[in-house]
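**Student:**
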Amino acid sequence: KQEVTQIPAALSVPEGENLVLNCSFTDSAIYNLQWFRQDPGKGLTSLLLIQSSQREQTSGRLNASLDKSSGRSTLYIAASQPGDSATYLCAVKRNNAGNMLTFGGGTRLMVKP
Amino acid sequence: GAVVSQHPSWVICKSGTSVKIECRSLDFQATTMFWYRQFPKQSLMLMATSNEGSKATYEQGVEKDKFLINHASLTLSTLTVTSAHPEDSSFYICSAPRQGGAFGYTFGSGTRLTVV
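Chains as they are written, first to last, in the working numbering: chain A, 49 to 161; chain B, 49 to 164.
#1: Can you pull the DSSP bridge partners for B/Thr162?
#2: Thinking B/Tyr153 and B/Ile69 are a contact (beta carbons under 8 Å), I'd like their distance in whole angstroms, please.
#3: What does a CB cutoff of less than 8 Å around A/Arg142 pick up in its chain, not counting 5 residues either side in sequence?
#4: Start and end of the beta strand (DSSP E) containing A/Met81?
#5: Along the segment 63 to 95 of chain A, where does the CB come closer than 8 Å to a CB of chain B? Name the residues.
#6: May I ask which residues mark the beginning and end of the beta strand (DSSP E) holding A/Lys160?
#7: Whose C-beta lies closer than 7 Å to the C-beta of A/Ser218 among residues of the same chain, with five residues either side of it excluded?
#8: Quick one: which chain A residues come within Cβ less than 7 Å of B/Leu92?
#9: Counting contacts by CB-CB distance shorter than 8 Å, is A/Gly154 in contact with chain B?
#10: Within 8 Å (strictly less), CB to CB, does B/Gln108 reach chain A?
#11: Using a Cβ distance threshold of 8 Å, determine whether the segment 56 to 74 of chain B contacts the segment 128 to 136 of chain B, with at least three qualifying pairs required.
#12: I believe A/Leu137 touches B/Ser91 by the beta-carbon criterion, under 8 Å. Please report the beta-carbon distance rounded to the nearest angstrom.
#13: Let's test the definition: count the other Cβ atoms within 10 Å of the Cβ of B/Leu74 and tell me whether it reaches 16, buried, or not, exposed.
#14: Of all the residues that make up the segment 139 to 159 of chain B, which are near chain A by a beta-carbon distance shorter than 8 Å?
#15: Compare the C-alpha of B/Asn176 against each of B/Pro134, B/Leu124 and B/Arg85 and name the closest.
#16: Find the residues of chain B that neighbour A/Lys141, judging by a C-beta separation of less than 7 Å, and give them in chain order.
#17: Check the Cβ of A/Leu97 against every Cβ in chain B and list those closer than 8 Å, keeping chain order.
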């Protein structure tokens with residue numbers, strides 16, 4: 049059974065800091081991994097999608113890396129801003145016939161001005 | 049592209065009544081739709097998977113007679129909470145995979161259900 053863990057569960061940083069959010073998964077047989085952002089009371093917004101054959105993806109100040117063999121992904125946020133405050137979730141899609149996602153518990157990020 | 053529209057955004061209902069939540073894929077066909085439930089400060093818990101043209105698949109512990117799922121077309125899936133009780137109050141989110149998940153997943157904006 050795939051298990052996804054995110055560390056830390058919560059993080060508070062001053063504005064401008066570069067930060068790293070971690071995601072680990074127990075079964076390396078994944079098809080892809082997706083990072084999402086969730087604002088309070090809202091749905092999920094997709095940030096980055098990394099296919100199993102890829103090592104990283106970048107979008108603006110965000111960079112996500114994937115090390116499938118070690119079961120890890122990191123989301124790097126450069127020059128954090130108060131608007132980055134949200135919960136960040138990683139989710140993996142298994143490498144089998146099903147298309148279900150397995151989610152981590154999320155990291156609640158607060159960027160203080 | 050790849051938008052999933054979820055309605056209503058929030059709903060308050062009395063105990064014993066039923067509430068229907070709709071999710072529509074606006075610019076792609078969603079043969080599969082996932083329904084999640086989320087409690088405060090917790091991650092998403094998969095409730096069921098709806099498939100167009102066939103019965104939904106429910107996760108262990110989810111009452112299928114209480115949470116009725118219908119996947120009426122390639123663009124519409126509905127979740128009906130029947131005979132709602134206060135413990136059903138939660139945040140419900142739908143999600144559709146694009147190309148079976150190969151191109152990621154798109155989520156609805158969620159529905160906040162409060163049962164009084």
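By construction, the Cβ of each residue, glycine as well, lies at the ideal position given by its N, Cα and C atoms.
**Tutor:** Judging by the given coordinates:
#1: Locating residue 162 of chain B in the second sequence gives position 114, counting from the first residue. Per DSSP, B/Ile60.
#2: If you number the second sequence from 1, residue 153 of chain B lands on position 105. If you number the second sequence from 1, residue 69 of chain B lands on position 21. For a cut-off of 8 Å, the C-beta gap from B/Tyr153 to B/Ile69 is around 18 Å, too long to register as a contact.
#3: Within the first sequence, numbered from 1, the residue matching residue 142 of chain A stands at position 94. Gln50, Asp75, Ala77, Ile78, Tyr79, Met148 and Thr150, listed in sequence order.
#4: To locate residue 81 of chain A, count along the first sequence from 1; it is residue 33. The sequence shown places Leu at residue 81 of chain A, not Met. Element bounds for A/Leu81: Ile78 to Gln86.
#5: Flagged, chain order: Tyr79, Asn80, Gln82, Phe84, Gly89, Lys90, Gly91, Leu92, Thr93 and Ser94.
#6: Taking the first residue of the first sequence as position 1, residue 160 of chain A is located at position 112. Where A/Lys160 is concerned, the enclosing beta strand (DSSP E) stretches over Thr155 to Lys160.
#7: No answer is possible for residue 218 of chain A: the residues shown for chain A start at 49 and end at 161.
#8: Here residue 92 of chain B refers to the residue found at position 44 when the second sequence is read from its first residue. Within 7 Å Cβ-Cβ: Phe151.
#9: Locating residue 154 of chain A in the first sequence gives position 106, counting from the first residue. For A/Gly154, the nearest CB of chain B lies under 8 Å from its own CB, placing it at the interface with that chain.
#10: The residue labelled residue 108 of chain B in the question sits at position 60 within the second sequence. No - not a single Cβ of chain A is within 8 Å of the one on B/Gln108.
#11: Yes: at least three Cβ pairs fall under 8 Å.
#12: Here residue 137 of chain A corresponds to residue number 89 of the first sequence, with the count starting at 1. Here residue 91 of chain B corresponds to residue number 43 of the second sequence, with the count starting at 1. Their Cβ separation, rounded to whole angstroms, is 7 Å, which keeps A/Leu137 and B/Ser91 in contact under 8 Å.
#13: Sequence index remark: in the second sequence, residue 74 of chain B carries index 26 (1-based). Per the 10 Å Cβ criterion, exposed.
#14: Listed in sequence order: Phe139, Ile141, Ser143, Pro145, Gly148, Gly149, Ala150, Phe151, Gly152, Tyr153, Thr154, Phe155, Gly156, Ser157 and Gly158.
#15: What is shown of chain B runs 49 to 164, which leaves residue 176 of chain B out entirely.
#16: Counting from one through the first sequence, the residue named residue 141 of chain A turns up at place 93. Under the 7 Å cutoff, chain B gives Gly149.
#17: Along the first sequence, one-based indexing puts residue 97 of chain A at 49. Ordered by position in chain B, the residues that pass the 8 Å Cβ test against A/Leu97 are Phe151 and Gly152.
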